[in-house]
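Numbering-wise, the working numbering puts 79 at position 62 of the sequence shown, and it's gapless, one number per residue. Beta carbons: idealized from backbone N, C-alpha and C, even for Gly.
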Amino acid sequence: CTHTAAGRFVALYDGDGHLDFGMDASVVSFAKGRVEIDFSSSCDPSCWFDKAGWKPYCTDNGLYLRVRYTNPHNPLRNIRIIMPGFELRYQAMPFHPLFIQSL
Numbered sequence: 018c019t020h021t022a023a024g025r026f027v028a029l030y031d032g033d034g035h036l037d038f039g040m041d042a043s044v045v046s047f048a049k050g051r052v053e054i055d056f057s058s059s060c061d062p063s064c065w066f067d068k069a070g071w072k073p074y075c076t077d078n079g080l081y082l083r084v085r086y087t088n089p090h091n092p093l094r095n096i097r098i099i100m101p102g103f104e105l106r107y108q109a110m111p112f113h114p115l116f117i118q119s120l
């Protein structure tokens, strides 16, 4: 049901603008080029599509990202959402080891 770990994610970006996060993510702090997000999946297996009478949005089930504003002269770009524990090594290891194993 959950496809990622819960914890403190970091969103990094270049440019000038504002990002919003929602659903199972809540913003902890904003700084230029960096947003810290707490994420905890609210996945509920009773909402799966193979159940009779399913409710399509009974939980948030994910991370919502919206570009609220971008400066046309220095637009937001290169947005990276980094899992907990990977901020110091994401440039050398851009893909999670479990994803690489699954290939």
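- Assigned with DSSP and collapsed to three states, Ser43 falls in strand.
- At a Cβ-Cβ threshold of 9 Å, Asn95 and Asp33 do not count as neighbours.
- When DSSP states are grouped into helix, strand and coil, Phe56 belongs to the strand group.
- DSSP places Leu115 in the uninterrupted alpha helix (DSSP H) bounded by 114-119.
- Leu93 and Thr87 have their alpha carbons spaced roughly 6 Å apart.
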